[in-house]
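Following: one structure in structure tokens, then a few remarks.
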Amino acid sequence: MQIKTPEIYSMIEAIGHHFKTNISNRFTRGALSMLVLDNATWNQIEELTEKSDNYRYQGYHLDELYGLILAMARFISAARKQAAQSLRYGNVDRLTSQDRVLRDMVVNNFSSNLNILADSVNKLYVKVVEIDKANSAGRPAIYTRFPELAELGRYLVG
547 MQIKTPEIYS MIEAIGHHFK TNISNRFTRG ALSMLVLDNA TWNQIEELTE KSDNYRYQGY
607 HLDELYGLIL AMARFISAAR KQAAQSLRYG NVDRLTSQDR VLRDMVVNNF SSNLNILADS
667 VNKLYVKVVE IDKANSAGRP AIYTRFPELA ELGRYLVG
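So in the working numbering, the last one in the sequence shown is 704, and the numbering has no gaps at all.
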């Protein structure tokens, strides 16, 4: 089944914008690139955050969307555990004073921005499950095929 709900598109676009602006920016990319995540997870994160226009006409398949949500949740969990410390001790020698201030703002707000991202991903998940249940028509909902979704709360909360 494909989802073509404007609310879902809006939520995904907001997640992508927040991710690109506040999480994966020029001050954090180095630390984030060191996260221990497989290539498939990185590709799914890119699908969710940068390629929403590709889904505008065809919609999202529920099984793909659950995979994208899980990938972002794994990213959030890894970023909380691994990136926060390496951001603090990143190289600031070559930065201008203005860039140093911007970098400090990014580093100091990184944890809060991860929390905002986690909340947004959780809201997306809840909405997708709601749609999934409404369209299951007596059959098991598609989310039941993803046992890892049981870990979603742990990934998002830390």
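Each residue gets a CB set at the ideal place from its N, CA and C atoms; glycine is no exception.
**OP:** Kindly give me the distance between the Cβ atoms of residue 652 and residue 573, rounded to whole angstroms, as I take these residues to be in contact under 8 Å.
**Re:** Translated into the one-based positions of the sequence shown, residue 652 becomes position 106. Translated into the one-based positions of the sequence shown, residue 573 becomes position 27. The Cβ separation is near 4 Å, so the contact holds.
**OP:** Tell me whether residue 666 is buried or exposed, calling it buried when 16 or more other Cβ atoms sit within 10 Å of its Cβ.
**Re:** Residue mapping note: residue 666 aligns to position 120 of the sequence shown, counting from 1. Taking a 10 Å sphere around the C-beta of residue 666, we find 16 or more other C-beta atoms and assign the residue as buried.
Subject >> Residue burial classification, residue 593 (beta-carbon count within 10 angstroms, cutoff 16) >> reply: Your numbering for residue 593 matches position 47 in the sequence shown. Counting Cβ neighbours within 10 Å, residue 593 comes out buried, since at least 16 surround it.
Original post:
Under the three-state reduction of DSSP, which class applies to residue 644: helix, strand or coil?
Top reply: For the purposes of this step, residue 644 is taken as the residue at position 98 of the sequence shown. Of the three classes helix, strand and coil, the one that applies to residue 644 here is helix, per DSSP.
Original post:
Between the segment 607–624 and the segment 580–591, are three or more C-beta pairs nearer than 8 Å?
Top reply: Proximity of the segment 607–624 to the segment 580–591 meets the contact definition, three or more beta-carbon pairs being nearer than 8 Å.
Subject >> Contacts around residue 710, its chain only, beta-carbon distance under 6 Å, and the 5 residues preceding and following it disregarded >> reply: Lying outside 547 to 704, the shown extent of the chain, residue 710 is not represented and no answer is given.
Original post:
The alpha helix (DSSP H) with residue 611 in it runs from where to where?
Top reply: Residue numbering aside, residue 611 sits at position 65 when the sequence shown is read from its first letter. Per DSSP, residue 611 is one residue of the alpha helix (DSSP H) stretching across 608–624.
Original post:
Leaving out the 5 sequence neighbours to the left and right, which residues in its chain are closer than 7 Å to residue 662 when beta-carbon positions are compared?
Top reply: In the sequence shown, residue 662 corresponds to position 116, counting from 1. 564.
Subject >> Beta-carbon proximity of residue 660 to residue 624, cut-off 8 Å >> reply: Here residue 660 refers to the residue found at position 114 when the sequence shown is read from its first residue. Here residue 624 refers to the residue found at position 78 when the sequence shown is read from its first residue. No, they are not a contact pair.
Original post:
What's the gap between the Cα of residue 557 and the Cα of residue 685?
Top reply: Taking the sequence shown and counting its residues from 1, one reaches residue 557 at position 11. Taking the sequence shown and counting its residues from 1, one reaches residue 685 at position 139. Straight-line measurement puts the Cα of residue 685 at about 27 Å from the Cα of residue 557.
Subject >> Cβ neighbours of residue 596 in the same chain (closer than 7 Å, five flanking residues each side left out) >> reply: Counted from its first residue, the sequence shown places residue 596 at position 50. For residue 596, where only same-chain residues beyond five positions count, the Cβ hits under 7 Å are 562.
Subject >> Straight-line gap, residue 654 to residue 613 (C-alpha atoms, nearest Å) >> reply: Mapped onto the sequence shown, residue 654 falls at position 108. Mapped onto the sequence shown, residue 613 falls at position 67. One alpha carbon belongs to residue 654, the other to residue 613, and they sit about 30 Å apart.
Original post:
Cα separation between residue 570 and residue 672?
Top reply: Translated into the one-based positions of the sequence shown, residue 570 becomes position 24. Translated into the one-based positions of the sequence shown, residue 672 becomes position 126. Their backbone Cα atoms lie some 24 Å apart in a straight line.
**OP:** Just confirm the distance between the C-beta atoms of residue 674 and residue 581, as a whole number of angstroms; I'd bet it's less than 8 Å.
**Re:** Against the sequence shown, residue 674 aligns to sequence position 128. Against the sequence shown, residue 581 aligns to sequence position 35. A Cβ-Cβ distance of about 25 Å is found for the pair residue 674 and residue 581, leaving them out of contact under the 8 Å criterion.
**OP:** Can you tell me the Cβ-Cβ gap for residue 578 and residue 629, rounded? I've got them flagged as a contact below 8 Å.
**Re:** Mapped onto the sequence shown, residue 578 falls at position 32. Mapped onto the sequence shown, residue 629 falls at position 83. That belief holds up - the Cβ atoms of residue 578 and residue 629 are roughly 6 Å apart, short of 8 Å.
Original post:
Quick one: what does DSSP say residue 604 is sitting in, helix, strand or coil?
Top reply: Within the sequence shown, residue 604 is the residue found at index 58, counting from 1. Reduced to three states, the DSSP call for residue 604 is coil.
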